[in-house]
Ligand code: F6P
Ligand code: MG
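Numbering (this note's numbering), first residue to last: 3 to 445.
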């Protein structure tokens, strides 16, 4: 099955891939040029200011190549061992694929990897996070939702003493549903989609009430099956892995979710998987963890700190005790789909096999799980995830708002037809207002 599915290309008419390659990538790269200029303008380090000029020139080169639809050229070596893999794939594609004529997943990973080579090969910009400014400003805009969620957590979750309250099964389940949705819709605010959303819309999406209303927009919803699995008292392994997506508000919701999983006894350890370097604009890199706490502790962002002040030490304690930790692996910033993880990153694959549940956050992880394939929408999720699916032993849970061209796991063609009517021209697969909670038990 997986060998036959067609991957979406940036040349596919009417696809999100095509729109992204022609309209959004040039803007994202221009944003990088502007960011470097802004940082250089206030830098006190003369050598850094001077080097900014060549960084900007290299970024502009990418933008020109994008606008002129040039061929993707081989990446220069920058000391990391993933470069040959990128260049081999370019060769496999005949050495001729262009920005607007390449597999979307490969081309987009190549873009962020190419940008990283530019920074990695400098003296003064090596560790610079080109997206930090954008991540920071977006977090500040989500302050209302952060206050609301903190209050909710401290009032309800932290006071409920649920692990001992085994008599109230239904209440435990409802809390699980709510917390899972918090982590799910936290993904709706992917920064690379933000240009299309007003501040009101962002806050609306994030607000708890919107979360409640949005349940009907979950087009494949396996929450019940996940609950059955997780709440089984006989389950002995309690490590849960979360393959993170975006920093800022989404990461805040992930940490809240993780705290809930720990405090309710559903997990004893949470491992967060982060990226090695700036990736797809807003993805979490190691420094974003401390950034989150700095934001939460900042005196200026919030108008009401009552609950945040109680919550933050609690979250910090989970990191300090090691109950929550972060982990890096170079595979996450390759262009490979997860169908190739067992062949190319066996150690990582095995470590996921030894987890009790692996939660994949967000759209890009979902594209990699499903090989960015144009599967019939009624394809069972377990079939679309290749070697991560049946027989892998890996419990996979995807929490993803739909922001690309791929969506599987729908119960029937009737449901697909109804969605096509309700949100025509693929809007339900792309506009971030619909989502999936898809589970594979790996058996
Ligand atoms: O087009 C939307 C997009 O930029 C895709 O390129 C990518 O899959 C996605 O957003 C990133 O979203 P997320 O942060 O949810 O992975
Ligand atoms: Mg992302």
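In this text, a Cβ means the ideal position worked out from N, Cα and C, and glycines have one as well.
Residue j beta carbon less than 8 Å from that of residue i
i, j, result
"residue 318", "residue 295", "yes"
"residue 12", "residue 57", "no"
"residue 287", "residue 361", "no"
"residue 407", "residue 10", "yes"
"residue 309", "residue 142", "no"
"residue 250", "residue 300", "no"
"residue 107", "residue 374", "yes"
"residue 259", "residue 181", "yes"
"residue 77", "residue 128", "no"
"residue 276", "residue 246", "yes"
"residue 303", "residue 145", "yes"
As assigned by DSSP and simplified to three states, the class of residue i
i, result
"residue 421", "helix"
"residue 200", "Only weak support is given to the placement of residue 200: the predicted model assigns it a pLDDT of 42, under 50, and the value that follows is read from those uncertain coordinates. Of the three classes helix, strand and coil, the one that applies to residue 200 here is coil, per DSSP."
"residue 342", "helix"
"residue 351", "helix"
"residue 9", "strand"
"residue 50", "helix"
"residue 443", "coil"
"residue 330", "strand"
"residue 248", "strand"
"residue 243", "strand"
"residue 275", "strand"
"residue 103", "strand"
"residue 2", "Residue 2 lies beyond the residue range present for the chain, which begins at 3 and ends at 445; the question has no answer from this structure."
"residue 179", "helix"
"residue 337", "coil"
"residue 361", "strand"
"residue 236", "coil"
"residue 224", "coil"
Residue environment, residue i, which counts as buried when at least 16 other CB atoms sit within 10 Å
i, result
"residue 201", "Confidence in residue 201 is poor, its pLDDT being 41 and thus under 50, which makes the residue's placement too unreliable to answer from."
"residue 256", "buried"
"residue 465", "Because the chain is modelled from 3 through 445, residue 465 falls outside the range shown and cannot be assessed."
"residue 395", "exposed"
"residue 236", "exposed"
"residue 336", "buried"
"residue 223", "buried"
"residue 427", "exposed"
"residue 183", "buried"
"residue 378", "exposed"
"residue 271", "buried"
"residue 345", "exposed"
"residue 226", "exposed"
"residue 97", "exposed"
"residue 105", "buried"
"residue 171", "exposed"
"residue 352", "exposed"
For residue i, the nearest candidate out of the options (CA to CA)
i, options, result
"residue 238", "19, 393 and 357", "357"
"residue 433", "402, 102, 411 and 245", "402"
"residue 393", "355, 366, 157 and 145", "355"
"residue 268", "177, 286 and 288", "177"
"residue 185", "157, 84 and 148", "148"
"residue 233", "313, 79 and 264", "264"
"residue 131", "80, 290 and 352", "290"
"residue 292", "328, 260, 365 and 62", "328"
"residue 230", "81, 43, 441 and 146", "441"
"residue 331", "324, 349 and 444", "349"
"residue 274", "316, 307, 325 and 315", "325"
"residue 240", "5, 217 and 359", "359"
"residue 41", "120, 16, 175 and 134", "134"
"residue 63", "122, 113, 92 and 86", "113"
Near ligand 4: residue i beta-carbon under 7 Å from a heavy atom
i, result
"residue 282", "Inclusion of ligand 4 in the displayed structure is not the case, the ligand content consisting of ligand 1 and ligand 2 alone."
Beta-carbon proximity list for residue i, same chain, < 7 Å, skipping 5 on both sides
i, result
"residue 220", "437, 438 and 439"
"residue 414", "380"
"residue 168", "Note that residue 168 scores 46 on pLDDT, short of 50, meaning its location in the model is unreliable and no value can be drawn from it."
"residue 17", "10 and 407"
Own chain, CB closer than 8 Å to residue i, minus 5 neighbours either side, in chain order
i, result
"residue 45", "51 and 54"
"residue 65", "28, 31, 32 and 35"
"residue 109", "12, 23, 74, 99 and 101"
"residue 371", "339, 340, 362, 386, 387, 390, 398 and 400"
"residue 156", "309, 312 and 313"
Cβ neighbours of residue i in the same chain (closer than 6 Å, five flanking residues each side left out)
i, result
"residue 197", "Model confidence at residue 197 stands at a pLDDT of 38, short of 50, so the residue's coordinates are unreliable; what they give is reported in the following sentence. Correct list: empty, nothing qualifies."
"residue 368", "400 and 402"
"residue 71", "100, 101 and 102"
"residue 421", "430"
"residue 2", "Past the boundaries of the shown model lies residue 2; the chain is included only from 3 to 445, so the question cannot be answered."
"residue 82", "none"
"residue 376", "8 and 10"
"residue 347", "333"
"residue 38", "54, 57 and 58"
"residue 194", "Note that residue 194 scores a pLDDT of 48, beneath 50, so its modelled location is shaky; the value from the coordinates is reported in the next line. The answer, listed in chain order, is 283."
"residue 138", "none"
"residue 383", "410, 411, 440 and 442"
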